[in-house]
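There are 2 protein chains.
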Amino acid sequence: MENDDVVFIGNKPVMNYVLAVVTQFSGGANNVTIKARGRAISRAVDVAEVVRNRFLDDVELKEILISTEKVTSDRGESNVSAMEITIGK
Amino acid sequence: MENDDVVFIGNKPVMNYVLAVVTQFSGGANNVTIKARGRAISRAVDVAEVVRNRFLDDVELKEILISTEKVTSDRGESNVSAMEITIGK
Chain D
1 MENDDVVFIG
11 NKPVMNYVLA
21 VVTQFSGGAN
31 NVTIKARGRA
41 ISRAVDVAEV
51 VRNRFLDDVE
61 LKEILISTEK
71 VTSDRGESNV
81 SAMEITIGK
Chain U
101 MENDDVVFIG
111 NKPVMNYVLA
121 VVTQFSGGAN
131 NVTIKARGRA
141 ISRAVDVAEV
151 VRNRFLDDVE
161 LKEILISTEK
171 VTSDRGESNV
181 SAMEITIGK
């Protein structure tokens, strides 16, 4: 997959990530994958929706995946949900 | 779509909704749709993953949809992201 980019969603405001996604499309990306884990998943959906509805009308949803990832911390191993939303032209 | 059920995700613990989904499958549902809006979206993904990985091995992801809904409150109209995850046998 050439010209594909990834934006990881953290705890910053939604518009920061919207700008990152729009910038990648402006730079020639055909698809952008928005990835998030745990509570950031809600924000990932916000980012995809704001990009599609308010900035890039020609971009559509390509694929939505959910999964479970193992995370190791001081308190041992735990499971966290993860999500990937791919949008593209 | 006969025998299809819906579970709306709110602010209760994940296991409450997991139990609701498992109960619907036990009662004969072929598919269950897990719906959430806003911050509850992360919890909806948790519910789907816990049901699939820990309770019902024969259930798979059928469809994941995201959308934007308008919500009217005292402070006027605002947009909120929404998600539907359908799992089934």
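Protein sequence lines correspond, in order, to chains D and U. If you're matching positions, the first sequence starts at 1 in the working numbering and goes up one per residue. If you're matching positions, the second sequence starts at 101 in the working numbering and goes up one per residue. Note that CB positions come from ideal geometry on N, CA and C, so glycine has one too.
- Query: Considering only C-alpha positions, which residue in the set D:T68, D:S42 and D:M15 is nearest to E77 of chain D?
  - Reply: As a first step, residue 77 of chain D must be located in the first sequence, where it is residue number 77. It is D:T68.
- Which stretch, first to last residue, makes up the beta strand (DSSP E) that contains I41 of chain D? Locating residue 41 of chain D in the first sequence gives position 41, counting from the first residue. Per DSSP, I41 of chain D belongs to no beta strand (DSSP E); it is in the alpha helix (DSSP H), A40 to V50.
- List the residues of chain D that T168 of chain U touches, going by C-beta distances under 8 Å, in chain order. Taking the first residue of the second sequence as 1, we reach residue 168 of chain U at position 68. Going along chain D in sequence order, the residues near T168 of chain U (Cβ under 8 Å) are E49 and N53.
- Task: Please go through the same chain and pick out, in chain order, the residues whose beta-carbon is closer than 7 Å to the beta-carbon of E163 of chain U, but skip the five residues on each side of it.
- Result: Translated into positions along the second sequence, residue 163 of chain U becomes position 63. Closer than 7 Å at Cβ, skipping near neighbours: T186.
- Query: What's the C-alpha gap between D4 of chain D and N31 of chain D?
  - Reply: Numbered from its first residue, the first sequence carries residue 4 of chain D at position 4. Numbered from its first residue, the first sequence carries residue 31 of chain D at position 31. D4 of chain D and N31 of chain D: Cα-Cα distance of roughly 5 Å.
- Query: Near V47 of chain D, which residues of its chain fall below 7 Å by C-beta distance, leaving aside the five closest residues on each side in sequence?
  - Reply: Start at 1 with the first residue of the first sequence, and residue 47 of chain D comes out as number 47. Result list for V47 of chain D: I9, V14, Y17, V18, V21 and I34, in chain order.
- Query: Are the C-beta atoms of I164 of chain U and some chain D residue less than 8 Å apart?
  - Reply: Along the second sequence, one-based indexing puts residue 164 of chain U at 64. Output row for I164 of chain U: interface = yes.
- Task: Closer than 8 Å, Cβ to Cβ, to anything on chain U: give me those residues from the segment 17 to 48 of chain D, in chain order.
- Result: G38, R39, A40, I41, S42, V45, D46 and A48
- Message: As a quick exercise: from D:A40, D:V6, D:A44 and D:K12, pick the residue whose alpha carbon is nearest that of G27 of chain D.
- Response: Counted from its first residue, the first sequence places residue 27 of chain D at position 27. Nearest option by C-alpha distance: D:V6.
- Task: List the residues of chain D that M115 of chain U touches, going by C-beta distances under 8 Å, in chain order.
- Result: By one-based count along the second sequence, residue 115 of chain U stands at place 15. Ordered by position in chain D, no residue passes the 8 Å Cβ test against M115 of chain U, which lies about 13 Å from the chain.
- Query: What is the rounded straight-line gap between the Cα of N11 of chain D and the Cα of K170 of chain U?
  - Reply: Position 11 of the first sequence, counting from 1, holds the residue named residue 11 of chain D. Position 70 of the second sequence, counting from 1, holds the residue named residue 170 of chain U. Going from the Cα of N11 of chain D to the Cα of K170 of chain U covers about 24 Å.
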